[in-house]
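Protein chains in written order, with the working numbering: chain V, 1 to 115; chain P, 116 to 230.
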Amino acid sequence: DTGVSQDPRHKITKRGQNVTFRCDPISEHNRLYWYRQTLGQGPEFLTYFQNEAQLEKSRLLSDRFSAERPKGSFSTLEIQRTEQGDSAMYLCASSPSAGASGELFFGEGSRLTVL
Amino acid sequence: AQKVTQAQTEISVVEKEDVTLDCVYETRDTTYYLFWYKQPPSGELVFLIRRNSFDEQNEISGRYSWNFQKSTSSFNFTITASQVVDSAVYFCALSEAKGGFKTIFGAGTRLFVKA
């Protein structure tokens with residue numbers, strides 16, 4: 001088991017471009033979460049999935065953000081028409097628990113810089 | 116609504132000192148979990164401890180101990196005999212049943228342990 005992996009680790013893009021991040025959770029983990037972390041802040045919840053179902057989206061997630069988890073395995077987070085304010089670390093986490101609350105296993109994150 | 120407050124932004128101690136990190140939470144639910152996570156300079160968040168709302172017994176695990184008090188909605192975390200390797204950002208987190216057990220984080224406390 002190689003843990004949660006995220007790709008790419010770093011992405012530099014120009015304002016207005018689209019970017020997509022991928023997260024591969026620990027196999028057989030039911031839950032998958034996306035968080036955003038800016039410098040000096042804690043992870044902010046964006047959205048989460050239980051298997052392939054997206055259970056909740058934060059109000060922080062504007063219409064430019066979309067996340068999917070087809071087949072309940074890997075997940076993608078797409079940001080359209082990026083803005084400078086989107087610059088942050090995007091964290092993915094998975095959890096073995098469905099319903100009850102287990103600890104989260106985090107990936108190393110995908111750092112986005114929007115110029 | 117869920118909320119986690121970590122009033123201490125930064126703490127600096129000398130190696131071998133004990134240090135306590137404060138956490139206050141808000142929830143309307145009776146079923147919830149509390150967590151502490153560590154984010155070392157390398158960046159990856161690591162789970163440390165978990166407590167459920169029905170168990171206020173305080174425990175010690177190695178150099179870590181925690182004090183959970185529902186009456187004051189606090190979940191404080193203590194590192195005994197701190198070491199330089201404990202230098203990191205520590206996050207308190209909360210997940211509640213009514214929130215679908217999604218996990219939200221506090222802003223974090225940066226701990227510096229000096230040799």
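Note that the Cβ used here is the ideal one computed from N, Cα and C, for glycine as well.
Rounded to the nearest whole angstrom, the CA to CA distance from V:VAL4 to V:GLY107 is 5 Å. Per DSSP, reduced to three states, the secondary structure at P:ALA222 is coil, with no helix or strand assignment. Interface criterion met: the Cβ of V:LEU104 is under 8 Å from a Cβ in chain P. The count of Cβ pairs closer than 8 Å, one atom from the segment 19-34 of chain V and one from the segment 62-79 of chain V, reaches three, so the stretches are in contact. Close to V:PRO43, with beta-carbon spacing below 8 Å, are these residues of chain P in chain order: LEU160, PHE206 and PHE220. In the DSSP assignment, V:PHE74 falls outside any beta strand (DSSP E), carrying neither H nor E.
Taking 7 Å as the upper bound on Cβ-Cβ separation, chain P lies near no residue of the segment 57-72 of chain V. Within the segment 12-76 of chain V, the runs of beta strand (DSSP E) that reach at least 3 residues and sit entirely inside it are, in chain order, 19-24, 31-37, 44-50, 53-57 and 65-68. For V:ASN51, the CB contacts under 7 Å within the same chain, skipping 5 residues up- and downstream, are ASN30 and GLY72 in chain order. Cα atoms of V:SER94 and P:ALA203: separation of roughly 22 Å, rounded to the nearest angstrom. Put simply, the backbone Cα of V:SER87 is about 27 Å away from that of V:THR2.
Short of 6 Å from the beta carbon of V:SER27, and not among the five residues preceding or following it, lies no beta carbon of its own chain.
Residues GLU108, GLY109, SER110 and ARG111 of the same chain have their beta carbon placed closer than 8 Å to that of V:ARG9, with the five preceding and five following residues left out of the count. For the options P:THR195, P:ALA196 and P:THR218, the alpha carbon positioned closest to that of P:TYR147 is the one of P:THR218. Around the beta carbon of P:VAL200, fewer than 16 other beta carbons lie within 10 angstroms, which makes this residue exposed.
The three-state reading of DSSP puts P:LYS185 in helix, counting H, G and I together. Annotated as distal: P:ASP133 and P:ALA230, with beta-carbon spacing of 8 Å or more.
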